Amino acid sequence: DAGVIQSPRHEVTEMGQEVTLRCKPISGHDYLFWYRQTMMQGLELLVYFNNKAVMDDSGMPKDRFSAKMPNASFSTLKIQPSEPRDSAVYFCASSHGRTPGYYGYTFGSGTRLTVV
Amino acid sequence: EDQVTQSPEALRLQEGESSSLNCSYTVSGLRGLFWYRQDPGKGPEFLFTLYSAGEEKEKERLKATLTKKESFLHITAPKPEDSATYLCAVQATGNTPLVFGKGTRLSVIA
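As they're listed, the protein sequences go chains D and F. According to my numbering, the first sequence holds residues 88 to 203 in order. According to my numbering, the second sequence holds residues 352 to 461 in order.
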């Protein structure tokens with residue numbers, strides 16, 4: 088398996104623009120997580136899915152962020168409108184089952200978002 | 352609220368100089384404690400899972416231990432390639448998603 092695949096790797100956008108981050112989880116994994124990483128806050132959970140359904144999105148600013156998982160192999164995180172404070176590295180992770188157990192979550196390489 | 356605190360924030364070691372990283376946690380009930388390694392520009396990479404106090408796991412120069420309040424990642428005779436950020440995370444017994452600490456940035460100098 089190629090692992091968790093995220094795109095794009097880097098994104099620079101102007102304040103107010105729409106940004107879409109994409110993620111392909113590992114085949115067979117039924118949980119998908121979106122985390123955001125900054126120097127100040129570390130890794131913060133934004134939203135997670137189980138079998139394509141949103142389980143908890145309380146970490147996500149819902150006035151500007153939206154997350155979808157239209158099928159088992161694809162998820163998007165959309166920011167509209169983007170703001171400079173959204174600048175961070177966004178990670179997607181997947182796991183088989185709610186308890187990561189022996190293998191933990193598998194993370195993608197992340198999308199570095201810069202909003203100017 | 353589940354919380355994870357890692358110390359120190361940064362650690363600089365000479366090659367061969369052993370040391371330990373600390374992860375203190377507060378959780379309603381511990382399901383598991385996880386250690387990850389993160390290299391610059393990459394996602395976290397899973398290292399260990401610990402489930403109960405007294406448990407130990409080893410991988411090459413790394414050994415993770417767990418008590419009821421904290422975990423230690425011991426690094427024995429480190430090499431420059433061990434330089435990375437080490438992240439600790441906990442999962443509560445409600446099987447909620449992992450909560451991460453901010454990490455320890457380790458630099459090993461040859």
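Glycine residues also receive a C-beta, built at the ideal position from the N, C-alpha and C atoms. Fair warning: this is a prediction, and the values are worked out from it, not measured in the lab.
Residue i versus residue j: straight-line alpha-carbon distance, rounded
i               : j               : result
G452 of chain F : E101 of chain D : 31 Å
L438 of chain F : Q354 of chain F : 13 Å
S145 of chain D : Q442 of chain F : 17 Å
L362 of chain F : N158 of chain D : 43 Å
L424 of chain F : S370 of chain F : 9 Å
A461 of chain F : E396 of chain F : 24 Å
Q104 of chain D : W121 of chain D : 20 Å
K419 of chain F : V99 of chain D  : 44 Å
G115 of chain D : K165 of chain D : 24 Å
L132 of chain D : I113 of chain D : 19 Å
For residue i, three-class secondary structure by DSSP
i               : result
E98 of chain D  : strand
P429 of chain F : coil
D353 of chain F : coil
D143 of chain D : strand
R382 of chain F : strand
R151 of chain D : coil
P171 of chain D : helix
V203 of chain D : coil
Residue of the options minimising C-alpha distance to residue i
i               : options                           : result
D433 of chain F : F:P391, F:L381 and F:G380         : F:P391
I92 of chain D  : D:T163, D:G146 and D:Q167         : D:T163
V176 of chain D : F:K393, F:T416 and F:R388         : F:K393
P359 of chain F : F:C374, F:E352 and F:E368         : F:C374
T444 of chain F : F:E409, F:Y402, F:L364 and F:L372 : F:Y402
K225 of chain D : D:M126, D:Q128 and D:T198         : One cannot answer for residue 225 of chain D here, as it falls past the ends of chain D, which runs 88 to 203.
Beta bridge counterpart(s) of residue i as assigned by DSSP
i               : result
E396 of chain F : F:R388
K111 of chain D : D:I92
Practice task
Below 9 Å between beta carbons is the criterion; list the residues of the stretch 431-451 of chain F that meet it against any residue of chain D, in chain order.
Solution key: L438, A440, Q442, N446, T447, P448, L449, V450 and F451
Problem - Interface positions of the stretch 128-139 of chain D facing chain F (Cβ-Cβ less than 7 Å), listed along the chain - result: G129, L130, L132 and Y135
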